[in-house]
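Shown next, in structure tokens, is the structure this report addresses.
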Amino acid sequence: MSYISAGFLFTIALGALVYYLFPKKHRWLVLLLISLLYYTSYGFSNLVYVLFTCITSYIISLKMSEMEDKVHRKRLLSVVLVLNFGLLFLLKYCNFMIGNLNSLSEVFGRNLNIAKLTIKFPLGISFYTFQTMSYCIDVYRKKTEPERNIFKLLLFVCYLPQMLQGPIGRYERLGLALSEGSDFDYRNIERGAVRIFYGLAKKLILADRAFIFANNIFYTPDKYSGVYIIAGILMYSIYVYCDFAGGMDLVIGASEVFGITMDENFRQPYFSKNLGDFWRRWHITLGQWMKDYIFYPFSLSKACQKLSRRAKKRFGRVYGTLIPICLSNILIFFIVGVWHGASWKYIIYGLYNGLIIAMANILKPTFEKTVKLLRIKSNSAPYRVFQIVRTFILVNIGWFFDACSSASGAFKAMGQTFKNFSLKVVTDGSLLKVGLGVREIKILFVGVLVLFVIGVLREKGIDIREWIMKQPLPLKWAIYIILFFIVAPFGFVSASTEFVYAQF
Amino acid sequence: MHSSKRGLIKDMSKKKIIIRMSAFLALMIIIDQICNFALVQPGLSRIMFHELKQGQYNCIILGASHGSYGLDPEIVGTELKKNTMNMCMGGEYMIDAYYTLEYALDYNKIDEVVFDIDYQYLVNYNDVNILHNNVYNAYPASVHKVGYYVKRVLGEDYRGTMLRWTNYWQCYKYMGRTIRKKLSSEYKTYNPSVVNMNQYDSYMGEGFTFRNQHHKKDPASCLDWNESKVSEQEIGYIKKLVSLCKKKGIKIVFTTVSQDPATVDEKESGFTAADAYISKLAQELDVTYLNFNKIRFDEYDRDSDDFYDREGHMYGESAEKFSQLYGKYVNMALMGDETYKSAFYANIGDMVKAYKGN
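And the structure:
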């Protein structure tokens with residue numbers, strides 16, 4: 001059952017009713033029950049993997065907490081990491097490796113022809129594996145106490161709203177909030193419901209509509225060139241943001257109904273000043289995970305420190321310090337790429353981001369000097385707009401790897417952008433023949449404009465939801481009713497109800 | 001005293017909140033129902049379910065639009081010597097057919113089921129949005145509807161359940177007319193005159209729609225057969241339907257109504273593969289399958305002019321001619337008389353060869 005299904009909305013509504021009818025100390029049990037019921041609606045086999053992750057993490061985190069010796073704790077941590085990431089690797093990347101091995105063997109004239117695995121990929125495994133491993137690492141670091149009730153840990157692993165597409169929560173916040181339960185406060189329900197319908201609006205009005213255009217272009221990129229490709233990638237950027245961020249609104253809103261606040265995953269990413277800033281605003285919880293569990297341990301490792309000392313001697317203090325940071329960034333984005341999928345296009349996508357951020361770090365002193373030399377006010381509005389547009393272009397170049405079916409297809413589509421470039425197609429109506437008519441484009445345009453205004457207000461610290469909630473009752477109700485009823489007819493009607501990130 | 005007063009205030013405010021939330025929900029439901037009433041157009045399916053409820057049928061034909069335009073139940077029923085109801089509806093998937101049969105069994109003593117399978121419905125189940133499902137939308141409130149809802153709608157777009165009018169919102173221009181129609185006695189008595197039909201169509205009753213020859217030829221053709229896209233769920237419901245029939249001692253036969261031979265010729269490999277797939281399934285389930293695309297031309301002489309589109313929906317006059325043959329051979333199959341086989345080509349290839357030879 002997708003997040004836009006009646007089943008999901010009913011589960012949340014009925015679940016909340018039962019949740020608040022139970023005594024506070026037993027409310028977590030209601031959440032566990034509905035989470036398990038919901039997850040098994042996708043098939044019982046999914047549950048086996050969730051239980052594996054939960055049981056191994058439970059046993060090993062308890063054992064780790066009993067040990068004082070860091071070496072023993074480290075060994076146990078390695079076991080749980082290998083087991084869980086190993087399982088993730090086996091399910092998600094094994095066929096990719098087999099495919100590459102087979103291709104490589106053909107190049108060397110020996111056809112290995114290794115058979116691919118035919119295991120059904122469990123839903124949301126990338127999300128809950130990362131989330132649960134962060135718990136194990138935190139227990140190892142003695143940052144958090146281990147959970148002694150396995151069922152409470154199971155709830156943390158498979159909490160209904162977030163299990164399919166994140167956000168990747170932390171035990172110290174999400175786990176404890178789930179165990180403790182929350183008091184009934186109707187404002188939570190109001191806030192949550194508004195957020196859910198904001199998410200539905202993003203998904204149905206914008207994402208599903210933009211997808212039609214982008215998919216038509218990138219399904220057969222050979223057919224299109226020039227402005228078509230640019231329009232296609234812009235539509236893709238609307239699609240991928242509204243689909244993922246809309247899904248997050250649904251998830252976070254659903255959780256708010258239960259009085260559980262989840263970590264935010266987006267903060268107006270298309271207003272970023274540079275690519276590093278973009279990744280602090282896009283899929284925030286994944287970025288934070290990478291920072292806490294890979295970036296710092298790697299850049300502060302003995303090997304990196306040694307490298308840094310050598311680099312300082314050779315290239316000076318500034319660059320010497322930057323080299324381990326750059327290497328860590330490249331490593332992180334390589335992993336982010338691999339996390340996105342078992343395909344070369346994602347690896348290149350990750351490395352593209354990592355290399356640009358590394359280059360930006362290295363060239364930062366030069367940029368600063370140039371800005372000073374040209375007497376540009378770095379905090380002026382035009383310069384900020386320039387930075388936002390520059391970053392948006394860089395982000396969109398990256399989207400080619402996501403939008404096309406292969407890395408070679410992405411490079412080809414990028415090349416096509418510069419062929420037959422004519423602005424005539426904008427005015428002669430040719431763009432209206434790519435799947436969306438005038439009405440659809442108008443709805444999309446108005447929708448993006450509304451999203452932009454809300455984004456600008458948020459950047460200024462104005463939360464429109466809180467503003468609506470403070471209005472007199474009749475006005476507030478009128479706004480809610482309009483919001484609820486406007487999404488349905490203006491939402492795009494398509495057969496697919498899935499979210500792009502639910503497949504990870 | 002002080003704390004009990006505070007508790008009372010807390011209880012009062014809780015009560016107020018619950019009343020407020022309930023009032024808001026009630027308001028939303030009322031608005032939704034008003035929109036449904038004013039926008040959702042009355043359809044034929046509602047009338048067909050009403051006819052079915054009258055409980056006078058002992059044979060039911062299930063299937064999709066090819067059946068509704070191609071089979072006159074009166075003629076088929078004469079051949080079968082049964083009171084026959086044609087419950088074929090455009091957009092009727094296997095799951096819809098299964099629940100239609102469940103509903104039919106509540107009111108009728110059915111002893112024969114003819115299940116017309118259009119292969120397109122096996123391969124495009126996941127490509128169609130629930131909002132377009134007129135079978136579910138017209139399905140009368142009943143115990144079966146609960147199961148039907150859970151299996152068919154619960155996991156789909158919430159608008160299919162909560163905001164049914166979404167699919168009709170562009171009918172706001174006819175809101176006045178729709179409301180007047182729904183308040184009329186014709187609507188209440190299930191008179192087909194309230195249904196907005198194509199000017200070339202006439203509803204003849206018992207599920208048969210007659211399209212006259214003035215309708216311009218529609219270029220829409222069939223979807224291609226793709227076995228990898230066959231929905232497991234749909235196959236599951238064919239099996240469920242057969243086992244329900246066997247459990248109740250009902251005779252069942254699978255058919256496929258004749259389509260435009262030019263389209264069969266054009267998509268010969270797809271039709272051949274689909275025929276092989278359905279034949280194999282029928283064999284597994286021990287059910288006779290009559291593919292009328294393979295009926296000999298000397299039995300049923302047909303060409304593109306008998307069909308109003310390339311997909312192969314029949315004009316009314318062709319349908320009446322065809323229904324008689326259809327009833328005759330379905331009856332033979334149901335009676336276990338295998339001589340019907342001589343009226344059919346061995347395979348789609350032979351039919352195409354004969355068509356090209358004509």
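Going down the list, the protein sequences come from chains A and B.
Position one of the first sequence corresponds to residue 1 (my numbering), numbered consecutively onward.
Position one of the second sequence corresponds to residue 1 (my numbering), numbered consecutively onward.
Quick reminder that beta carbons are idealized off the backbone N, C-alpha and C, glycines included.
- Query: Could you give the distance in angstroms between the alpha-carbon of B:L105 and the alpha-carbon of A:Y186?
  - Reply: Roughly 47 Å separates the two Cα atoms.
- Message: Taking 7 Å as the threshold (C-beta atoms), are A:N379 and A:G354 in contact?
- Response: No, the Cβ-Cβ distance between A:G354 and A:N379 is not below 7 Å.
- Item | Chain-ordered neighbours of B:G155 on chain A, where CB pairs are closer than 9 Å | Correct list: M1, S2, S5, A6, G7, F8, S41 and T497.
- Query: Alpha carbon to alpha carbon, how far is B:G249 from B:E112?
  - Reply: If you take the alpha carbons of B:G249 and B:E112, they lie about 9 Å apart.
- Message: So with CB distances below 9 Å, who are the chain B contacts of A:P506?
- Response: There is simply no residue 506 of chain A to check, as chain A begins at 1 and stops at 504 in what is shown.
- Message: Distance check for B:T209 and B:D305, CA to CA, integer angstroms please.
- Response: Distance between the alpha carbons of B:D305 and B:T209 is about 18 Å.
- Query: Hey, is the region 396-404 of chain A in contact with the region 340-356 of chain A, meaning 3+ C-beta pairs nearer than 8 Å?
  - Reply: They touch, by the three-pair rule.
- Task: Alpha carbon to alpha carbon, how far is B:E268 from B:W225? Give it in angstroms, no decimals.
- Result: Distance between the alpha carbons of B:W225 and B:E268 is about 10 Å.
- Query: Whose CA, out of B:V257, B:K16, B:G70 and B:I117, lies closest to the CA of B:I359?
  - Reply: Absent from the structure is residue 359 of chain B, since the part of chain B shown begins at 1 and ends at 358.
- Pull out every residue of the region 455-489 of chain A whose Cβ sits closer than 9 Å to any Cβ of chain B, in chain order. Under the 9 Å Cβ criterion, the region 455-489 of chain A contributes L473, W477, Y480, I481, F484, F485, V487, A488 and P489.
- Query: Roughly how many angstroms lie between the CA atoms of B:R46 and B:I18, to the nearest whole one?
  - Reply: Cα to Cα, the separation comes out at about 38 Å.
- Where does A:G86 land, buried or exposed, given buried means 16+ other C-beta within 10 angstroms? Residue burial annotation: A:G86 is exposed, with fewer than 16 other C-beta atoms found within 10 angstroms of its C-beta.
- Item | Neighbour-count burial assignment, B:M1, 16 or more Cβ in a 10 Å radius | Interpretation of B:M1 is limited by its pLDDT of 47, a score under 50 that renders its predicted location unreliable; no figure is taken from the coordinates.
- Under 6 Å Cβ to Cβ from B:G349, same chain only, skipping five residues before and after it: list those, please. If we look at B:G349 and ignore the five residues flanking it on each side, it has no Cβ neighbours.
- Query: What residues in the region 181-213 of chain A bring their beta carbon closer than 7 Å to a beta carbon of chain B?
  - Reply: With the criterion set as a beta carbon lying under 7 Å from some beta carbon of chain B, the members of the region 181-213 of chain A are Y186, in sequence order.
- Task: Just the C-alpha distance for B:I179 and B:F37, rounded to the nearest angstrom, thanks.
- Result: The alpha-carbon of B:I179 is positioned some 7 Å away from that of B:F37.
- Message: Would the region 121-135 of chain B count as touching the region 77-92 of chain B if we require 3 or more Cβ pairs under 8 Å?
- Response: Contact holds: three or more Cβ-Cβ distances are below 8 Å.
- Message: If we define contact as Cβ-Cβ less than 7 Å, is B:R152 a contact residue for chain D?
- Response: The structure shown contains no chain D; the protein chains it does contain are A and B.
- Message: One question on the structure: do B:Y98 and B:K240 come within less than 7 Å of each other, judged by their Cβ atoms?
- Response: A Cβ-Cβ contact shorter than 7 Å links B:Y98 with B:K240.
- Spatial distance of B:W169 from A:L204 (CA atoms): The straight-line gap from Cα to Cα measures roughly 16 Å.
- Message: Just to confirm my understanding: we take A:P161, look at its own chain, exclude 5 residues before and 5 after, and list those with CB closer than 7 Å. What are they?
- Response: Taken in chain order, the residues that qualify are V251, A254 and S255.
- Task: Would you mind sorting A:G491 into buried or exposed? The rule is 16 or more other CB atoms within 10 Å of its CB.
- Result: Under a 10 Å Cβ-count criterion, A:G491 is classified as buried, with 16 or more other Cβ atoms of the shown protein chains found around its own Cβ.
- Item | Beta-carbon spacing of A:L275, A:L104 below 7 Å | No; because the gap between Cβ atoms is not below 7 Å, this pair is not in contact.
- Message: Suppose only complete runs of 3+ residues qualify. What are the beta strand (DSSP E) ranges in the region 285-355 of chain B, listed by chain order?
- Response: Considered as a whole, the region 285-355 of chain B harbours 288-291 as its complete beta strand (DSSP E) runs of no fewer than 3 residues, in chain order.
- Are any of the Cβ atoms in chain B nearer than 7 Å to that of A:V500? So no, A:V500 is outside the interface.
- Task: For the region 196-269 of chain B, list the beta strand (DSSP E) runs that are entirely contained and at least 3 residues long, ordered along the chain.
- Result: List check, beta strand (DSSP E) in window: 201-205, 208-211 and 251-256.
- Taking buried to mean at least 16 other C-beta atoms within 10 Å of its own C-beta, is A:T144 buried or exposed? So A:T144 ends up on the buried side.
- Message: Below 8 Å, how does it come out for the region 410-428 of chain A and the region 211-226 of chain A: are there three or more Cβ pairs, yes or no?
- Response: They touch, by the three-pair rule.
- How would you list, in chain order, the residues of chain B whose beta-carbon sits under 9 Å from the beta-carbon of A:V493? The contacting residues are N129, L131, H132, D157, R159, T166 and N167.
- Item | B:R302 versus B:N331 - alpha carbon distance | The alpha-carbon atoms of B:R302 and B:N331 are separated by roughly 22 Å.
- For A:S182, which of A:T261, A:L155, A:G124 and A:F445 has the nearest alpha-carbon? Here the closest residue by C-alpha is A:T261.
- If B:Q259 and B:N212 are in contact, beta carbons under 8 Å, what's the gap, nearest whole angstrom? Contact doesn't hold; Cβ gap of about 19 Å is too wide.
- 7 Å CB neighbourhood of B:C35 in its chain, flanking five on each side removed: Closer than 7 Å at Cβ, skipping near neighbours: W165.
- Query: Could you check where the alpha helix (DSSP H) with A:D292 kicks off and where it finishes?
  - Reply: Counting along the chain, A:D292 falls outside any alpha helix (DSSP H), and DSSP gives it neither H nor E.
- Task: Tell whether a beta-carbon distance below 7 Å holds between A:M235 and A:F271.
- Result: Cβ distance not < 7 Å, so A:M235 and A:F271 don't count as in contact.
- Message: Strictly by DSSP, which residues pair up with B:G63?
- Response: Answer by DSSP bridge pairing, in chain order: B:C88.
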